[in-house]
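I have placed the structure first, in the form of structure tokens, so that the comments after it can refer back to it.
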Ligand SMILES: NC(=O)c1ccc[n+]([C@@H]2O[C@H](COP(=O)([O-])OP(=O)(O)OC[C@H]3O[C@@H](n4cnc5c(N)ncnc54)[C@H](OP(=O)(O)O)[C@@H]3O)[C@@H](O)[C@H]2O)c1
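Residue numbers (our numbering): 192 to 439.
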């Protein structure tokens with residue numbers, strides 16, 4: 192497995208915590224070069240420093256995925272510094288759940304901007320390099336909520352459904368360029384995601400749910416590794432996983 196990771200240049204959005212950070216740590220420890228994007232530069236820089244001290248290759252680039260120019264700068268930095276872009280992991284996301292009748296318009300806008308436009312911008316920034324290389328792998332992060340909707344999660348679910356639809360359209364379009372596409376849909380995984388919920392009562396009940404069922408971030412990392420580790424002619428398009436105890 193390490194052979195399919197070693198030497199790859201992997202760009203990860205949302206690398207400052209949770210699933211993105213865990214994936215960066217694992218891939219870097221197994222010989223990948225990781226290019227890390229997120230807004231919290233202090234966390235990104237300290238992660239890159241830690242990975243480098245352990246003998247890895249890592250670059251931190253302050254990136255707000257709602258701004259196409261910043262996402263382009265992140266991916267361009269990977270290509271300019273390391274010569275290629277093998278994997279684009281569009282992982283940055285938010286989950287500010289709330290019932291629609293609370294009219295949390297700002298939350299809706301942020302969720303759409305990060306979870307949908309952020310993924311699109313990642314695709315836009317990586318595709319030209321991958322087309323030219325005639326190789327690459329774009330991994331988009333959806334959710335169980337990209338397959339189902341529940342009261343309180345309509346907007347989040349809509350964005351995660353959109354990620355799956357975009358991924359399937361992308362899969363069909365990039366066939367001529369030998370680019371692989373994977374969409375990963377996790378269930379509850381223990382990260383900082385519930386911190387993005389702005390309604391205190393909703394946050395409290397979601398935290399209780401997570402405390403009860405959530406599984407470690409390594410579950411996600413193993414899904415990424417599985418997709419990356421296939422032979423070049425095998426394209427794993429969808430992975431959906433949940434905690435064994437999760438009903439939804
Ligand atoms: N954990 C779960 O249970 C679960 C389940 C299904 C799907 N997911 C998905 O997994 C992905 C990662 O989330 P997580 O669980 O690891 O949560 P997390 O620990 O809160 O991480 C979210 C990451 O997204 C980044 N981010 C947020 N807004 C951003 C922006 N405007 N520009 C750049 N980066 C931004 C954050 O970095 P900064 O704040 O530093 O920018 C952070 O690194 C999300 O797409 C989420 O929807 C998670």
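Even for Gly, the Cβ is constructed at its ideal location relative to N, Cα and C.
Would you say the beta carbon of residue i comes nearer than 7 Å to a heavy atom of ligand 1?
| i | result |
| --- | --- |
| residue 434 | no |
| residue 373 | no |
| residue 327 | no |
| residue 441 | This structure leaves residue 441 out entirely; the chain is present only between 192 and 439. |
| residue 300 | no |
| residue 345 | no |
| residue 254 | yes |
| residue 286 | yes |
| residue 210 | yes |
| residue 206 | yes |
| residue 283 | yes |
| residue 384 | yes |
| residue 313 | no |
| residue 377 | yes |
| residue 216 | no |
| residue 264 | no |
| residue 201 | no |
| residue 229 | yes |
| residue 404 | no |
Measuring CB to CB, does residue i end up less than 8 Å from residue j?
| i | j | result |
| --- | --- | --- |
| residue 207 | residue 229 | yes |
| residue 219 | residue 225 | yes |
| residue 297 | residue 289 | no |
| residue 354 | residue 306 | yes |
| residue 431 | residue 376 | yes |
| residue 340 | residue 348 | yes |
| residue 282 | residue 204 | yes |
| residue 410 | residue 195 | no |
| residue 370 | residue 329 | yes |
| residue 379 | residue 404 | yes |
| residue 213 | residue 408 | yes |
| residue 336 | residue 291 | no |
| residue 435 | residue 287 | no |
Shortest alpha-carbon distance to residue i belongs to which of the options?
| i | options | result |
| --- | --- | --- |
| residue 309 | 350, 418 and 397 | 350 |
| residue 326 | 347, 358 and 365 | 365 |
| residue 414 | 203, 373 and 435 | 373 |
| residue 392 | 236, 293 and 362 | 293 |
| residue 256 | 234, 359, 312 and 428 | 312 |
| residue 258 | 304, 344 and 352 | 304 |
| residue 142 | 277, 284 and 427 | Residue 142 is absent from the model: the chain starts at 192 and stops at 439. |
| residue 402 | 417, 384 and 418 | 384 |
| residue 275 | 324, 302 and 254 | 324 |
| residue 232 | 254, 362 and 211 | 254 |
| residue 428 | 435, 367, 216 and 360 | 360 |
At least three beta-carbon pairs within less than 8 Å, the segment 389-396 to the segment 199-218 | Counting Cβ pairs under 8 Å, fewer than three are found: no touch.
May I ask you to verify whether the segment 235-247 touches the segment 262-279, counting CB pairs closer than 8 Å and requiring at least 3?
-> Two segments are said to touch when three or more pairs of C-beta atoms, one from each, lie closer than 8 Å; by this definition the segment 235-247 does not touch the segment 262-279.
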